[in-house]
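See below for the structure under consideration.
Numbering (full-length UniProt numbering), first residue to last: 1 to 671.
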């Protein structure tokens with residue numbers, strides 16, 4: 001055979017294709033991205049299996065790494081591994097004859113592709129032959145997935161704030177840049193190696209460093225590997241790596257702490273920098289034991305004073321301050337991460353004692369202030385206006401839920417304060433206000449052209465998919481609306497305000513709320529009428545939001561201005577009559593060279609699928625993302641959204657005191 005298409009996979013890998021190096025055919029099969037989503041000429045990104053001392057795969061942009069898989073198993077004489085799923089088997093092969101990755105579909109009811117996108121992401125999409133779609137994963141799936149995010153000898157950890165820290169025994173090379181979250185310069189040793197008395201710091205659950213500059217000896221185990229490292233004055237770390245012994249002889253690049261499982265990495269340090277050095281003199285041990293004993297006595301006294309005197313006077317909300325806790329109010333107790341509280345004085349100093357000149361938002365729950373912490377981080381401090389059972393519950397819920405999730409399209413919690421009568425959430429500051437500031441203001445709407453609005457919709461969808469499917473805990477937001485979508489300096493959307501969000505067990509499909517919380521115009525029909533909620537609640541809210549982004553009109557206000565007709569029913573009627581483009585905000589059409597009418601009509605159809613009256617008719621968020629990102633994905637015809645109207649939401653909401661007031665960012669004005 002002289003030529004076959006499977007040897008030249010362009011940007012896509014399908015079942016049966018192999019990616020990587022093959023000695024027999026003398027081929028190195030790689031993926032290369034398109035130039036843009038609409039331009040199939042060769043783009044800047046490549047994905048290839050690279051064989052150095054160990055086998056790894058890299059995404060590169062014009063030759064510069066942007067993502068690395070981590071080391072594969074050793075390329076010994078015969079080394080193959082596979083993972084079986086209900087519909088496919090994934091294979092890694094690292095032998096003397098080949099180093100390849102492939103997958104094979106084992107269930108003919110499914111189809112799957114693995115693709116390198118035009119922006120350098122690896123995306124696997126799987127769907128059933130009947131059309132239902134499951135988006136399995138995208139890599140990198142978080143900030144730490146970016147190659148060498150924290151620079152040489154810097155450790156990236158998504159559960160740490162900030163996410164980049166120097167390895168123990170190292171310090172930032174450029175302290176000023178590090179404080180500004182510019183980590184690319186990395187870290188350097190605090191104490192030079194002495195080569196006499198050096199020891200090792202054990203880092204657990206690690207993605208091992210880039211092995212390009214490493215030495216591999218497959219004949220020896222970890223004890224001998226340690227000795228080999230000590231004998232080599234250039235050795236900076238060692239590990240097993242699934243290959244006997246791997247030692248690194250330069251800076252440690254692209255290190256991260258894995259979310260679930262990983263390997264042990266032993267980093268070489270001077271004796272003075274080792275956390276738990278052995279072989280101390282007996283006198284030092286005695287001093288340590290005495291110091292610990294005295295410390296425990298003092299701590300016991302402080303705890304006694306706290307419980308007898310201070311705690312009864314303050315009585316802050318009951319938020320656990322340990323490393324982990326569980327949310328007992330959830331359908332099943334689920335462990336989540338926690339942040340240590342900030343002192344009220346720290347937050348007050350950052351915001352000039354909550355000065356009016358720092359105010360950037362106002363709402364029913366309280367006020368949002370811009371501030372600057374002593375370390376230079378700019379924050380948004382959300383201060384509760386008054387204490388009540390409802391506000392304390394929302395505050396506690398928001399702290400626990402935001403602390404348990406990390407995603408580029410979710411707002412990041414930096415800390416919280418709960419002292420005396422004060423409750424403050426400390427969040428990352430986002431420069432470009434909230435989405436409603438643009439889409440509902442005729443003087444600002446021109447700043448969001450069509451391409452930007454489409455990307456914002458995709459970002460919101462990815463954030464919801466993470467909450468529904470990919471996070472450690474499954475979350476239903478329940479209050480998705482433009483004022484709860486914040487925009488950073490690059491107009492990347494971030495979902496905020498988790499005060500009424502709910503944890504959902506993974507084996508549950510729906511549940512019934514004892515009390516109804518939500519915002520008029522965005523609540524799903526089944527929730528308003530019967531209190532039933534599921535992930536389809538958020539799908540409905542997302543559909544309303546997309547229609548508002550396209551039309552520039554708010555669903556609730558549209559009803560007030562147009563009698564009995566809602567924005568949803570009006571757009572449905574226009575769309576069925578072939579007048580869908582008449583509803584597009586003129587600001588998009590007039591000020592945007594990127595406007596594409598067929599994309600707008602497609603997005604209207606997707607939104608109408610999301611706001612169908614019956615929850616079971618609405619698509620999942622993974623299907624929504626595929627429809628938004630692939631113009632070839634076939635769309636179903638949406639059903640009539642039904643007789644459900646805003647008036648009905650209003651009547652239900654008026655009988656309850658639990659509708660959620662808006663808390664939005666206003667534009668930041670100079671002081």
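Beta carbons are placed, not taken as given, at the ideal position from N, Cα and C, and that holds for glycine.
- By the C-beta criterion, the segment 404-414 is judged not to be in contact with the segment 202-214, since fewer than 3 inter-stretch pairs fall below 8 angstroms.
- Following the DSSP letters along the chain, one finds residue 369 in no alpha helix (DSSP H) but inside the beta strand (DSSP E) bounded by residues 366-372.
- The Cβ atoms of residue 269 and residue 199 lie closer than 8 angstroms to each other.
- Runs of beta strand (DSSP E) with 3 or more residues, each lying fully within the segment 594-628, are absent.
- Residue 144 sits in a helix when the DSSP states are folded into three classes.
- In the DSSP assignment, the residues bridged to residue 65 are 60.
- Under the Cβ criterion (8 angstroms, minimum of three pairs), the segment 623-633 counts as touching the segment 444-463.
- Distance from the CA atom of residue 382 to the CA atom of residue 391, rounded to whole angstroms, is 12 angstroms.
- For the 8 angstroms CB-CB criterion, residue 62 and residue 38 do not form a contact.
- The three-state secondary structure of residue 34, taken from DSSP, is strand.
- Distances from the alpha-carbon of residue 105 to those of 118, 99, 115 and 90 put 90 closest.
- Around residue 234, the same chain offers 249 and 250 as residues with beta carbons nearer than 8 angstroms, after the five sequence neighbours per side are excluded.
- Looking at the DSSP output, residue 527 bridges to nothing.
- Cα atoms of residue 572 and residue 522: separation of roughly 16 angstroms, rounded to the nearest angstrom.
- Taking 8 angstroms as the cut-off, the Cβ atoms of residue 358 and residue 371 count as close.
- Of all C-beta pairs linking the segment 585-600 to the segment 446-460, three or more are shorter than 8 angstroms, placing the two stretches in contact.
- The continuous beta strand (DSSP E) containing residue 201 extends over residues 199-207.
- By the Cβ test, the segment 17-27 is in contact with the segment 45-54, since at least three Cβ pairs between them sit closer than 8 angstroms.
- Between residue 481 and residue 432, the C-beta spacing is not below 8 angstroms.
- Here residue 32 is near residue 42, since their CB atoms are less than 8 angstroms apart.
- Judged by DSSP in its simplified three-state form, residue 574 adopts helix.
- Cβ neighbours of residue 466 within its own chain (closer than 8 angstroms, five residues either side excluded): 405, 407, 409 and 410.
- In the structure shown, the three-state DSSP call for residue 123 is strand.
- Taking 8 angstroms as the cut-off, the beta carbon of residue 540 is found no closer than this to the beta carbon of residue 511.
- Two segments are said to touch when three or more pairs of C-beta atoms, one from each, lie closer than 8 angstroms; by this definition the segment 606-623 touches the segment 538-557.
- Checking the DSSP bridge columns, you'll see residue 515 has no partner listed.
- The beta carbon of residue 633 sits closer than 6 angstroms to those of 626 and 627, all from its chain and outside the five residues before and after it, given in chain order.
- Counting along the chain, the unbroken beta strand (DSSP E) around residue 22 starts and ends at 18-22.
- Every beta strand (DSSP E) of 3 residues or more that sits fully in the UniProt domain "Apple" (187-270) is shown, in chain order, as 187-189, 199-207, 214-217, 237-239, 245-248, 255-257 and 263-269.
- Residue 115: member of the beta strand (DSSP E) spanning 110-116, first to last residue.
- Distance from the CA of residue 150 to the CA of residue 70, rounded to the nearest whole angstrom, comes to 16 angstroms.
- The DSSP-derived three-state label of residue 9 is coil.
- Between the segment 224-232 and the segment 118-129, the count of Cβ pairs shorter than 8 angstroms is below three; the stretches do not touch.
- Annotation: residue 639 to residue 530 spans about 21 angstroms, alpha carbon to alpha carbon.
- Within the same chain, and ignoring the five residues on either side of residue 214 in sequence, the residues whose Cβ sits closer than 6 angstroms to its Cβ are 53, 246 and 248.
- Taking 8 angstroms as the cut-off, the Cβ atoms of residue 399 and residue 414 do not count as close.
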